[in-house]
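Numbering (the numbering used here), first residue to last: -14 to 289.
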């Protein structure tokens, strides 16, 4: 059991049961649900639906991260997400995460009630350079997370940089740099969760390789969150329909749960909840059998 410390005195216990993070894109152009929840009342209805289906966290985003999506201003992003975060926080039905790489957006979101900052650029899009002499700049998102006490999701990305050929080596290269930034800012390890960033500048073969070798990421020593929901890796194998993509997503969730993932960022909470119940049962059985074997190896006398 690991206790993930979050903003506003909250925490989340990560352990025997899978945790679901419901995706709430308050955008007109996200790849799966763009335009469906870009009005606050619709966004809140969807959030309540996902909470009712078992989402422990609602992840609110105001800028699409799909390949080729146009950037929006910080002000536009904030106008989209802050009313939704404030309303969700006032209802108190779940933990709230903000999906942003901007320091000021993160600061305002936590002030509005968000508990978690989810940065798809792993703290490296807007680096904190305020300490360099002669440069006047606001602290970066890592310092905002530290100052607000927010839980932090650090995601790996291959966008905008040269990657190593080996997918796991590149994960360690990027994420270790992000962890250095986090620690330099004063973020305690118990506030950090890592995300390997499926599909972020990774082709189909890279995604499958990352999935097959996912267990190697446990060596980083942090809880692992995954976001495969309705992405190209699922569409490539099971087709373009939402139903097919949700089935494909659930399959990847089960595989990754059995390899050590703990938190699952998804569009369809109910389908993944049901699939992960089986994965949790298998893990529980495996853990119980391992404990029995260990106890037996200690207490069983040697017969001569």
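All residues carry an ideal CB built from backbone N, CA and C; glycine is no exception.
Excluding residues up to 5 positions away in sequence, 235, 238 and 239 lie with their Cβ nearer than 7 Å to the Cβ of residue 260 in the same chain.
A check of alpha carbon separations from residue 266 across -6, -5 and 1 identifies 1 as the nearest. Inclusion of residue 126 and residue 179 in the CB contact set at 8 Å is not warranted, their separation being larger than that value. Using a Cβ-Cβ distance cut-off of 8 Å, the stretch 103 to 112 and the stretch -11 to 4 are not in contact, since fewer than three pairs of beta carbons, one from each stretch, lie closer than that value. In the structure shown, residue 157 adopts helical secondary structure according to DSSP, grouped into three states.
Exposed is the label assigned to residue 171, since fewer than 16 other Cβ atoms lie within 10 Å of its Cβ. By the neighbour-count definition (other C-beta atoms within 10 Å, threshold 16), residue 98 is a buried residue.
Residue range 59 to 76 is occupied by the alpha helix (DSSP H) that includes residue 69.
For the 8 Å CB-CB criterion, residue 262 and residue 243 do not form a contact. In the three-state reduction of the DSSP assignment, residue 149 falls in the coil class, being assigned neither a helical nor a strand state. Here the alpha carbons of residue 146 and residue 201 stand approximately 23 Å from one another. Here residue 218 is buried: its Cβ has 16 or more other Cβ atoms, across all protein chains shown, within 10 Å.
Assignment of beta-bridge partners to residue -13 by DSSP yields -1. Straight through space, the alpha carbons of residue 210 and residue 181 are spaced by roughly 8 Å.
For residue 37, the uninterrupted alpha helix (DSSP H) run begins and ends at 25 to 37, by DSSP. Apart from the 5 residues on each side of it in sequence, residue 155 sits with its Cβ closer than 8 Å to the Cβ of 141, 143, 148 and 149 in its chain, given in chain order.
Closest in alpha carbon position to residue 257, among 269, 214 and 274, is 214.
Leaving aside the five residues that flank residue 158 on each side, the residues in its chain whose CB is nearer than 7 Å to its CB run, in chain order, 149.
Collapsing the DSSP output to three states places residue 176 in a helix. Residue 270 has its alpha-carbon roughly 34 Å from the corresponding atom of residue 105. Within its own chain, the residues whose Cβ lies closer than 6 Å to the Cβ of residue 94, once the five positions on either side in sequence are excluded, are 70 and 83, listed in chain order. Burial state of residue 64 is exposed, judged by a 10 Å Cβ sphere holding fewer than 16 other Cβ atoms. Taking a contact as a CB-CB distance under 8 Å, the pair residue 250 and residue 212 counts as one, their CB atoms being some 4 Å apart. Between residue 47 and residue 12, the C-beta gap is smaller than 8 Å, which places the two residues in contact. Relative to residue 129, the option among 103, 153 and 32 whose CA is nearest is 103.
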